[in-house]
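Structure representation (structure tokens):
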């Protein structure tokens, strides 16, 4: 596949910042009704059934629609502090409030083992799909602002966190700048990214790496458990 490197100038943003979680989590906005909005009930793809998170009898609701925004981006969410399920629910609502963007869908949430530093709580992870008119660097800067509002502190690599938002993909863009690499350089190595991403975008192709489904066998030994709470 041919991908064109993004030449968008990066904003003056750094991956630092500490803030507090708002007392009242953001409420998802109600988008204007569109006649093309459809709700589909579909089973998970067969290639995901190898993971304990899935059952052949499970179905999940996936809401799809066309969007006025020109680009599609995928964002990984993770947390293991301060009621991580509630943190991710509030973070999904915050993503739906991003400027010039709209939440298209999100995966179920998954419980996963921590990577790198083992002596910490399990993580709750998921993936969200966004439609956006923000360029990749501006979208990254906006995600960092959301992390800061949720109290993210970067003390050391793989530390516990209140919220982690990683920009995984932006269309089929390939970006290599000091503050942003797309596709995310480790997304094909982590079950906690590939499995929820495969849930909402089973036919996705990863720029330079082929179909997402081809990478799932390599992470089949990584523990990941789908939470009982269904996706909206």
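Numbering (the UniProt record's numbering), first residue to last: 1 to 232. Just so it is clear, CB atoms sit at the ideal spot from N, CA and C, and this is done for glycine as well.
Counting C-beta neighbours from all protein chains within 10 Å, is the total for residue i 16 or more, i.e. buried, or is it exposed?
| i | result |
| --- | --- |
| residue 200 | buried |
| residue 198 | buried |
| residue 40 | Because residue 40 carries a pLDDT of 36, less than 50, the predicted location of this residue cannot be relied on, and the following value inherits that uncertainty. Exposed. |
| residue 146 | buried |
| residue 225 | exposed |
| residue 117 | exposed |
| residue 137 | buried |
Counting along the chain, where does the beta strand (DSSP E) carrying residue i start and finish?
| i | result |
| --- | --- |
| residue 129 | 123 to 132 |
Measuring alpha carbon to alpha carbon, tell me which of the options ends up nearest residue i.
| i | options | result |
| --- | --- | --- |
| residue 77 | 110, 70, 69 | 110 |
| residue 191 | 218, 172, 132, 71 | 218 |
| residue 215 | 204, 137, 144 | 204 |
| residue 75 | 130, 209, 85, 98 | 130 |
| residue 128 | 83, 106, 122, 113 | 106 |
| residue 104 | 132, 114, 124 | 132 |
| residue 108 | 126, 223, 154 | 126 |
| residue 222 | 84, 112, 186 | 112 |
Tell me, to the nearest whole angstrom, how far the beta carbon of residue i is from that of residue j; I am working on the premise that it is less than 8 Å.
| i | j | result |
| --- | --- | --- |
| residue 182 | residue 188 | Not really, about 13 Å apart at Cβ, beyond 8 Å. |
| residue 179 | residue 140 | 7 Å |
| residue 160 | residue 81 | 5 Å |
Checking 8 Å against the spacing of the C-beta atoms, do residue i and residue j come in under that value?
| i | j | result |
| --- | --- | --- |
| residue 96 | residue 90 | no |
| residue 167 | residue 73 | yes |
| residue 87 | residue 144 | no |
| residue 169 | residue 142 | no |
For the alpha helix (DSSP H) containing residue i, list its first residue and its last residue.
| i | result |
| --- | --- |
| residue 198 | 191 to 200 |
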